[in-house]
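When we follow full-length UniProt numbering, the leftmost residue of the sequence shown carries the number 1, and every step to the right adds one.
Built from N, CA and C at the ideal position, the CB exists for glycine as well.
Predicted, not measured: the structure shown is a model, and the values here were computed from it.
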Amino acid sequence: MKGKHEDECRNFIKVLLSRQGGLFLCGTNAFNPLCANYTGDTLEMVGDPVSGMARCPYDPKHANVAVFAEGNLFTATVTDFLAIDAVIYRSLGDIPALRTVKHDSKWFREPYFVSAVEWGPHIYFFFREIAMEFNYLEKVVVSRVARVCKRDQGGSQRVLEKQWTSFLKARLNCSIPGDSHFYFNLLHSTSPIIRMHGRDIILGVFSTPPNSIPGSAVCAFDMEQLAAVFDGRFKEQKSPESIWTPVPDELIPKPRPGGCAVQGSKFNSSNSFPDEMLNFVKTHPLMDEAVPSLGQRPWIVRTMVRYQLNKIVVDTEAGPNRNRTVVFLGSSRGTILKFLIMPNQDNTVTNSNIFLEEMEGFNPDKCADDSLQARQLLSLTLDRASHTLLLAFPSCIVRVLVARCQLYSRCMKNCIASRDPYCGWTRGSTCSFLRPGTRLPFEQDVEHGNVAHLGDCDGKRTDEPDGLVSVNLLVVSAVSAFSTGAILSGLTVCWIMSHRHRHSRGSGANGSRRKNDKEQNMLGQGRSGSVMSVTRTSGGERRRSQVDRFLGKGRHVPHCLSVCLGLTDLTLRPPWAQQRFRKRERDLWLSGDLTVAVRLSHLGAPFSLLCPTLNLFVPQTQEETAATNNC
1 MKGKHEDECR NFIKVLLSRQ GGLFLCGTNA FNPLCANYTG DTLEMVGDPV SGMARCPYDP
61 KHANVAVFAE GNLFTATVTD FLAIDAVIYR SLGDIPALRT VKHDSKWFRE PYFVSAVEWG
121 PHIYFFFREI AMEFNYLEKV VVSRVARVCK RDQGGSQRVL EKQWTSFLKA RLNCSIPGDS
181 HFYFNLLHST SPIIRMHGRD IILGVFSTPP NSIPGSAVCA FDMEQLAAVF DGRFKEQKSP
241 ESIWTPVPDE LIPKPRPGGC AVQGSKFNSS NSFPDEMLNF VKTHPLMDEA VPSLGQRPWI
301 VRTMVRYQLN KIVVDTEAGP NRNRTVVFLG SSRGTILKFL IMPNQDNTVT NSNIFLEEME
361 GFNPDKCADD SLQARQLLSL TLDRASHTLL LAFPSCIVRV LVARCQLYSR CMKNCIASRD
421 PYCGWTRGST CSFLRPGTRL PFEQDVEHGN VAHLGDCDGK RTDEPDGLVS VNLLVVSAVS
481 AFSTGAILSG LTVCWIMSHR HRHSRGSGAN GSRRKNDKEQ NMLGQGRSGS VMSVTRTSGG
541 ERRRSQVDRF LGKGRHVPHC LSVCLGLTDL TLRPPWAQQR FRKRERDLWL SGDLTVAVRL
601 SHLGAPFSLL CPTLNLFVPQ TQEETAATNN C
């Protein structure tokens, strides 16, 4: 394909569904999408492939969703290379193929499809798109849910022929209430419909836009409340310049737009709907009210973090009694966050959660890369049979256990306090994974995590997993290594310089004697070519005698004075304090209780490398000299 990279011109599988004991697959096929049926055991193709147009996108980067219901394939995708024509399409069944209205921004405006579920007589599609009901200068992306009737037959030959007559959409409200609601507008993932406390609930992962405060949230939606929104008022814009307002009830035609045709009624097929009703559906697909989240607030919120939550799976049968609900959230960094969902006292609305742990899902060794792109989580699936999570990344698939009970295997208090429904303290005095339906005796307190009656662990924690090291051990090792290295480096440098001194003294004794005599006349008692002055500032005769014994007569001073003399508080003294020194030679002046000057010309290497524990400053100007003296 011209203008495309070679890696994009492969066959990316975008649809994988179970169908009649086999598999139904659709792939991009190098920007020529195709679909085919395969056997479930041998993966052999059954029949001829069919066109993937409106069933599978051309570009692997484009989003799509698909679901089989009552023998028909319902898909949401784009039908062209540029992703301009977004469509919800029904095909491969015993009823006519239908699609959404083409190139109408009231129906779709740059949608990004997330998921599709079947519930009752409808198929619900969850997606996000640019909102057209806000009169803002900038583009505002909001999350939506749209629905169509599974048995829709399309409109009449005059209006909506071979198009949906039941398509309606509404906004999803995932926000933190207050004087001004804080919205999480971007939908990333949804769970399947789960049964919880007598309700059919669907959970969604939302986030804030990139130019907003970073944050993610999980909101729950009751399917009964969601369906009730589509029985409410419609929203309309009377002119391109006017704002969007609710449609008065008296202006809504009969039968109600967006409903499903019922056998035995006056309109037993959508083909027989009046043109007035079909025209209203075509021009008023948006509902006025938004779908409220269960509890009027998010169940889980994460803000001001460096990752974004984008995947979700739910285990509604967690624990040995299969009566706990655990939510696993995948992040943009490849990590997994685990939460326990707790019911309220009335056992009706569930919005209390307990953070259990954060697990590392990405494995650099298996994935052969550790970049941010390689850590992008593509899919998150729960395998109940093996009690594991399957994480799909661009270059690998990783399997992670749903619980890490071994972290508390030697401490009963920590095991009970974890409140992990998968873990319990068993007879063998260890924290073990509890399989569903287990009959072994165990102790567990998921409700409260009460450990007041338990004593301290006395350091009896589990051994760290292979490859992990205690933080305390790392700190002690680092400090010991640094101290040992500093001492050995200082002793080595002192020995080398003493050896060089003895060698140079033997080969040039006469020259050194004449030079030392000349400098002795200038400086008095100092005879060394390295030592230019030794001045007592404090510390008494004892400290001066130490230096006198060390220096001797005509002996060169080793480079690391702090190691050889044991002086720890060393600062600098400027060379201009004694005008007799040669100006072309830069001197390092070190002072503690005693002031010692060492000529730089005798250093065999940069002083910072020889003595890394010293912080040296060489004054370059008279002003710097004055500043140094003031210190």
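Residue 306 has no beta-bridge partner at all, per DSSP. One Cα belongs to residue 369, the other to residue 394, and the distance between them is close to 10 Å. The residues 255, 261, 273, in chain order, have a CB closer than 7 Å to that of residue 267 in the same chain once the five nearest residues on each side in sequence are set aside. Note on geometry: alpha-carbon atoms of residue 84 and residue 318 lie some 43 Å from one another. Secondary structure within the stretch 162-201: not one fully enclosed alpha helix (DSSP H) run of 4 or more consecutive residues is present. Under the three-state reduction of DSSP, residue 143 is assigned to strand. For residue 235, the secondary structure class from DSSP, reduced to helix, strand or coil, is strand. Contact annotation, residue 144 with residue 169: C-beta distance approximately 5 Å; criterion of less than 8 Å satisfied.
In this structure, 124 is the residue among 124, 197, 216, 326 with its C-alpha nearest to the C-alpha of residue 88.
Your pair residue 56 and residue 35 checks out as a contact, with CB atoms roughly 6 Å apart and the cut at 8 Å.
The beta carbon of residue 363 is closer than 8 Å to those of 396, 398 in its chain, skipping five residues each way along the sequence. With 16 or more neighbouring CB atoms inside 10 Å of its own CB, residue 165 falls in the buried class. Per DSSP, reduced to three states, the secondary structure at residue 37 is strand.
The stretch 167-181 makes contact with the stretch 281-288, as at least three CB pairs between them are under 8 Å. Non-local C-beta neighbours of residue 253 in its own chain, meaning closer than 6 Å and more than five positions away in sequence, comprise 276, 277, 280, ordered along the chain. In this structure, residue 377 lies near residue 330, with their beta-carbon atoms less than 8 Å apart.
Beyond the five residues adjoining it in sequence on each side, residue 22 comes within less than 8 Å, by CB distance, of 37, 38, 39, 40, 46 in the same chain, given in chain order.
Note that the C-beta distance between residue 327 and residue 314 is below 8 Å. Under a 10 Å Cβ-count criterion, residue 303 is classified as exposed, with fewer than 16 other Cβ atoms of the shown protein chains found around its own Cβ. Per DSSP, the beta-bridge partners of residue 246 are 235. Exposed is the label assigned to residue 211, since fewer than 16 other Cβ atoms lie within 10 Å of its Cβ. Taking all protein chains shown into account, residue 147 has 16 or more neighbouring C-beta atoms within 10 Å of its C-beta and is therefore buried.
Within the same chain, and ignoring the five residues on either side of residue 115 in sequence, the residues whose Cβ sits closer than 6 Å to its Cβ are 65, 126, 190.
Between residue 185 and residue 218 a beta carbon distance of about 14 Å is seen, past the 8 Å cut, so the two are scored as non-contacting.
Taken through DSSP and simplified to helix, strand or coil, residue 81 comes out as coil. A distance below 8 Å between beta-carbons, with the five flanking residues on each side excluded, links residue 358 to the following residues of its chain, in chain order: 335, 336, 337, 338.
Between the beta-carbon of residue 322 and that of residue 436 there is about 5 Å, and that keeps the pair under the 8 Å contact cut. Residue 119 holds the alpha-carbon nearest to the alpha-carbon of residue 227 among 52, 119, 309. A direct Cα-to-Cα measurement between residue 242 and residue 135 gives close to 9 Å.
For residue 247, the CB contacts under 8 Å within the same chain, skipping 5 residues up- and downstream, are 233, 234, 235, 236, 284, 288 in chain order. Between the alpha carbons of residue 90 and residue 161 lies a gap of roughly 14 Å. For residue 324, the pairing in a beta bridge is given by DSSP as 318.
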